[in-house]
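Participant: Chains as they are written, first to last, in this note's numbering: chain W, 2 to 345; chain Z, 2 to 345.
Using N, Cα and C, we set each Cβ at its ideal position, and we do this for glycine too.
2 protein chains.
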Amino acid sequence: MKQKKREITIYDIASELNVSPSTVSRALKDHYSIGKEMIEAVKKLARERGYRPNHIAASLRKNKTNTIGVMISWINRPFVSSMISGIEEEASNAGCNVIISQSHDSYEHEIANARALYNSRIGGLIVSLAMETRKYNHFSTFLDNDIPVVFVDRVTDDLNCDKVVIDNFAAGLMATTHLIEQGCKRIAHLSGAQHRSIYKQRAEGYMEALRRHNIEIDESLILSGGMLNSEEGYRMTEHLMSLPNPPDAIFSANDTAAVSAIQYAKHNGIKIPQKLAVMGFNNDPVSLIIDPTLSTVSHPAVDMGKIAARQVLKHREHKDIITSETITLKTDLIIRESTLRKKR
Amino acid sequence: MKQKKREITIYDIASELNVSPSTVSRALKDHYSIGKEMIEAVKKLARERGYRPNHIAASLRKNKTNTIGVMISWINRPFVSSMISGIEEEASNAGCNVIISQSHDSYEHEIANARALYNSRIGGLIVSLAMETRKYNHFSTFLDNDIPVVFVDRVTDDLNCDKVVIDNFAAGLMATTHLIEQGCKRIAHLSGAQHRSIYKQRAEGYMEALRRHNIEIDESLILSGGMLNSEEGYRMTEHLMSLPNPPDAIFSANDTAAVSAIQYAKHNGIKIPQKLAVMGFNNDPVSLIIDPTLSTVSHPAVDMGKIAARQVLKHREHKDIITSETITLKTDLIIRESTLRKKR
DNA sequence: TATATTTACGCAATCGGTTGCGCGACAGAT
DNA sequence: ATCTGTCGCGCAACCGATTGCGTAAATATA
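1. Classify residue 337/W as buried or exposed, calling it buried when 16 or more other Cβ atoms lie within 10 Å of its own Cβ.
2. Quickly, what does DSSP pair residue 202/Z with across the bridge? List them, please.
3. Tell me whether residue 331/Z sits in a helix, a strand or coil according to DSSP, three-state version.
4. Just checking: is the beta-carbon of residue 292/Z within a distance shorter than 7 Å of some beta-carbon in chain W?
5. What are the boundary residues of the beta strand (DSSP E) that residue 279/W is part of?
6. What number of angstroms, rounded off, separates the C-alpha of residue 142/W from the C-alpha of residue 118/W?
7. Is there at least one Cβ from chain W nearer than 7 Å to residue 104/Z's Cβ?
8. Cβ closer than 7 Å: which chain Z residues qualify as neighbours of residue 122/W?
9. When you compare the stretch 71 to 81 of chain W with the stretch 40 to 47 of chain W, are there three or more beta-carbon pairs, one atom per stretch, that lie closer than 8 Å?
10. Are the stretch 299 to 308 of chain Z and the stretch 201 to 215 of chain Z touching, with three or more C-beta to C-beta distances below 8 Å?
11. Classify residue 198/Z: buried if its beta carbon has 16 or more other beta carbons within 10 angstroms, exposed otherwise.
12. By the DSSP assignment, the alpha helix (DSSP H) with residue 222/W in it spans what residues?
13. Taking residue 226/Z and residue 258/Z to be in contact with their CB atoms under 8 Å, please state how far apart those CB atoms are, rounded to whole angstroms.
14. What does DSSP give as the partner residue(s) for residue 40/W in the beta ladder?
15. Counting only beta-carbon separations shorter than 7 Å, does residue 191/Z have a partner in chain W?
16. My guess is that residue 238/W and residue 221/W are in contact by the Cβ rule of under 8 Å, so how many angstroms apart are they, rounded?
17. Let's see if you can read the secondary structure: which residues bound the alpha helix (DSSP H) around residue 85/Z?
18. Answer yes or no: does any C-beta atom of chain W fall closer than 7 Å to that of residue 61/Z?
19. Cα separation between residue 114/Z and residue 286/W?
20. Pull up the distance between the alpha-carbon of residue 181/Z and that of residue 207/Z, whole angstroms please.
21. Taking all protein chains shown into account, decide if residue 329/Z is buried (16 or more other Cβ within 10 angstroms of its Cβ) or exposed.
22. Could you check the C-alpha separation between residue 9/W and residue 122/Z for me, to the nearest Å?
23. Three or more beta-carbon pairs under 8 Å between the stretch 153 to 163 of chain Z and the stretch 119 to 138 of chain Z, yes or no?
24. Could you work out which residues of chain Z lie near residue 286/W, taking near to mean beta carbons separated by less than 8 Å?
25. For residue 159/Z, collect the residues of the same chain with a Cβ closer than 6 Å to its Cβ; drop the 5 residues on either side in sequence, then sort them by chain order.
26. If you measure between the beta carbons of residue 297/W and residue 282/W, is that distance less than 7 Å?
27. DSSP three-state label for residue 13/W, please.
28. Kindly list, in the order they appear in chain Z, the residues whose Cβ is closer than 9 Å to that of residue 347/W.
29. With three or more beta-carbon pairs closer than 8 Å as the criterion, would you say the stretch 267 to 278 of chain W touches the stretch 311 to 321 of chain W?
30. Counting only beta-carbon separations shorter than 7 Å, does residue 21/Z have a partner in chain W?
31. Just to make sure I have the definition right: I need the residues of chain W whose C-beta is within less than 7 Å of the C-beta of residue 53/Z. Which are they?
32. So, is residue 124/Z buried or exposed, given that buried needs 16 or more other C-beta atoms within 10 angstroms?
33. Check whether the Cβ atoms of residue 382/Z and residue 167/Z sit closer than 7 Å, and answer yes or no.
34. Any beta carbon of chain W sitting closer than 7 Å to that of residue 296/Z?
35. Beta-carbon of residue 153/W versus every beta-carbon of chain Z: anything under 7 Å?
36. Under the three-state reduction of DSSP, which class applies to residue 20/W: helix, strand or coil?
As structure tokens, then:
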């Protein structure tokens, strides 16, 4: 039952209506210089004949596709996949495609991916930076060619682009303050690469909370620089708890490491939260599954994705806009068993 | 520092070498009718000038892109995002893009997405069916137009396409047999929509295991038909444990529901695995986090994605191949605390 | 009525590769 | 010396939509 019916084009419509292809092209996008009834006639016939616009042809002519590129570290991380889910939903509603590319947190990969995406003539780019990345020249190609770039979550100030973020400083402050209010005196902090601003800011929020409560900042309790994965989380916790004067709380910059901290504690008979309170970040699904349930900071992943997509689409509409805005979303402190020492 | 240098094209190369564009085009892809030294000269100059092939132009001419579409239920599910990770990696190595589209397990969405992807002129399609889907006409458009379609995991036999699967029957048999060997006598089964073959086959494997051990199949212990999400898992477990003669084991067709089963048990003081053994499916990250750790069947998600991508790419190479193969990957039974009643 | 505007549409070039067909040149066969 | 074949490459027509510029007709203005 193969029926390779040739696709119908604006030329077919044009000749059937005895007008020129240009008129059809314009009519289909409600161009101001086309008459009302002509527009109707064209659209009607297009509908009847089952016309499907050929985006490729348009892309070639305009030298720009209606595809949005998304560069992330790993797609199979709860925060990332949720964010992409939001991007996809929003882009899909606007008739745009989404193409994914993983940096695996490697700077080299990120550069290679940027080149590949540029070669694919994407019409916009959403980026959450690789952990390693410190230089950002690989994005200037896009900016120089008026391809909107929007950073999400793992952003940089070195580029003049839109950003969609949360207030990491405030979140770190809030989380740490909560630990202090629960009576913790020696609070450790697990963080990521400090050139990645989200981690630096969370760490600064953490320090600010200590300062406000006149708690001395002990550098030996701040472990940072790695990938903050489960192995590292476990080892860092092991190290901390082997200290002569171990901490009574750990604030981890992500849930993955926080979960490892809890597991280390359980393996070693350390009571949570009495002996060690643990606070995470991201509100990953595991935070609700682990026992004790993990207190954490909720990260509006899906919304961040949606908003980032909207920003890209907005720039595509009005190419004249040069202003680059930073949109900051709200986070929530989610208090669960792993930090709840006092009765409320 | 805006430097919108015009992209260099095969025409630029052609005129610089005083040959025709067709020669350049052919030389760049090692066409047999082009001389050895011409090919070298063209490639050399292309490299020097920084030539980047314009895929859009090629796509327009060939009416087919080098983009692979991926239709899945939800991207933010561990199995799915891992699979996509595999697809992306493999496609990226072959210079192909990957575009994602989520059905949210809805039949309507799946149809709409299929249309959208077709309109995007994708060069190949990888599908993991929505839970709801029972009819498959929306894929015939691709097949009729020689666009390779490969199904992964949630497949159908109604279409003559490549499939990448695991042996769900064997896995169900293996998992249930393990429960029986652990001394379980009344084993319940949580399953999904029975028109989705993966669930049906797991259920059949479950039943076969019972038969082989002369255990009567009790229909009231087989709950199926839903989405198998956490709420359902919790409710189903509640229902089962309220039965006059409750089960002493639950084999869930996914980890999500299995985790809910464990949580219900914990909330209600039901000892795991002594009073209730729980077996999951997928080896999601949570299975290792929950306490007790969840026994499960590992699903080679990343590999399934990679292989599916390779199949699509293979069909793109040799369009003459019509054979449709089914590739079955290995699963492993992962025994953890939630089912380990006997000392080994 | 003549001129200025506006309205509504057509012309034709363009985006960058791809590919069927053809043709000249040169080598080997007869 | 003629014929046949192969090799290496060019011609030109696509693929389908976009868009700057031009223009005829309709309407408004002087």
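Facilitator: The answer reads as follows:
1. In the first sequence, counting from the first residue as 1, residue 337/W sits at position 336. By the 10 Å Cβ count, residue 337/W comes out buried.
2. For the purposes of this step, residue 202/Z is taken as residue 201 along the second sequence, with counting starting at 1. In DSSP, residue 202/Z forms no bridge with anything.
3. Translated into positions along the second sequence, residue 331/Z becomes position 330. Residue 331/Z falls in the coil class under three-state DSSP.
4. Numbered from 1 along the second sequence, position 291 holds the residue referred to as residue 292/Z. Yes, contact with chain W.
5. Residue 279/W sits at position 278 when you count from the first residue of the first sequence. Residues 278 to 280.
6. To locate residue 142/W, count along the first sequence from 1; it is residue 141. To locate residue 118/W, count along the first sequence from 1; it is residue 117. So the alpha carbons of these two residues sit roughly 11 Å apart.
7. Along the second sequence, one-based indexing puts residue 104/Z at 103. Not an interface residue.
8. Counting from one through the first sequence, the residue named residue 122/W turns up at place 121. Simply 57.
9. The answer is no - the stretch 40 to 47 of chain W does not touch the stretch 71 to 81 of chain W, with fewer than three Cβ pairs under 8 Å.
10. no
11. To locate residue 198/Z, count along the second sequence from 1; it is residue 197. Residue 198/Z comes out buried.
12. Along the first sequence, read from residue 1 onward, the residue named residue 222/W stands at position 221. Premise fails: residue 222/W is in no alpha helix (DSSP H) and is neither H nor E.
13. Working through the second sequence from its first residue, we reach residue 226/Z at position 225. Working through the second sequence from its first residue, we reach residue 258/Z at position 257. About 13 Å separates the two Cβ atoms, so there is no contact after all.
14. Counting from 1 along the first sequence, the entry for residue 40/W is found at position 39. Residue 40/W pairs with nothing; no bridge assigned.
15. In the second sequence, counting from the first residue as 1, residue 191/Z sits at position 190. Closer than 7 Å: no.
16. Mapped onto the first sequence, residue 238/W falls at position 237. Mapped onto the first sequence, residue 221/W falls at position 220. Contact flag wrong, Cβ pair sits at about 14 Å.
17. Position 84 of the second sequence holds residue 85/Z. Secondary structure note for residue 85/Z: its alpha helix (DSSP H) is the uninterrupted segment 79 to 94.
18. By 1-based counting over the second sequence, the position of residue 61/Z is 60. It does: the Cβ of residue 61/Z has a partner Cβ on chain W nearer than 7 Å.
19. For the purposes of this step, residue 114/Z is taken as residue 113 along the second sequence, with counting starting at 1. For the purposes of this step, residue 286/W is taken as residue 285 along the first sequence, with counting starting at 1. For residue 114/Z and residue 286/W, the distance between alpha carbons rounds to 28 Å.
20. Within the second sequence, residue 181/Z is the residue found at index 180, counting from 1. Within the second sequence, residue 207/Z is the residue found at index 206, counting from 1. Spanning the two alpha carbons is a distance of roughly 11 Å.
21. Taking the first residue of the second sequence as position 1, residue 329/Z is located at position 328. Exposed, because fewer than 16 other Cβ atoms sit within 10 Å of the Cβ of residue 329/Z.
22. Within the first sequence, residue 9/W is the residue found at index 8, counting from 1. Within the second sequence, residue 122/Z is the residue found at index 121, counting from 1. Taking the straight line joining both Cα atoms gives about 14 Å.
23. The stretch 119 to 138 of chain Z and the stretch 153 to 163 of chain Z touch, with three or more beta-carbon pairs separated by less than 8 Å.
24. In the first sequence, residue 286/W corresponds to position 285, counting from 1. Under the 8 Å cutoff, chain Z gives 287.
25. Taking the second sequence and counting its residues from 1, the one referred to as residue 159/Z is at position 158. Cβ neighbours of residue 159/Z beyond the five flanking positions: 137.
26. Locating residue 297/W in the first sequence gives position 296, counting from the first residue. Locating residue 282/W in the first sequence gives position 281, counting from the first residue. For residue 297/W and residue 282/W, yes; Cβs fall inside 7 Å.
27. The sequence position of residue 13/W within the first sequence is 12, counting from 1. Helix, per DSSP.
28. No answer is possible for residue 347/W: the residues shown for chain W start at 2 and end at 345.
29. no
30. Taking the second sequence and counting its residues from 1, one reaches residue 21/Z at position 20. For residue 21/Z, no CB of chain W lies under 7 Å from its own CB, so it is not counted at the interface with that chain.
31. Taking the first residue of the second sequence as position 1, residue 53/Z is located at position 52. Within chain W, the residues near residue 53/Z are 120.
32. What you label residue 124/Z is simply residue 123 of the second sequence in a count that begins at 1. With 16 or more other Cβ atoms within 10 Å, it is buried.
33. With chain Z covering only 2 through 345, there is no way to say anything about residue 382/Z.
34. Locating residue 296/Z in the second sequence gives position 295, counting from the first residue. At a cut-off of 7 Å between beta carbons, residue 296/Z makes no contact with chain W.
35. Numbered from its first residue, the first sequence carries residue 153/W at position 152. Cβ-Cβ to chain Z under 7 Å: no for residue 153/W.
36. Within the first sequence, the letter at position 19 stands for residue 20/W. Reduced to three states, the DSSP call for residue 20/W is coil.
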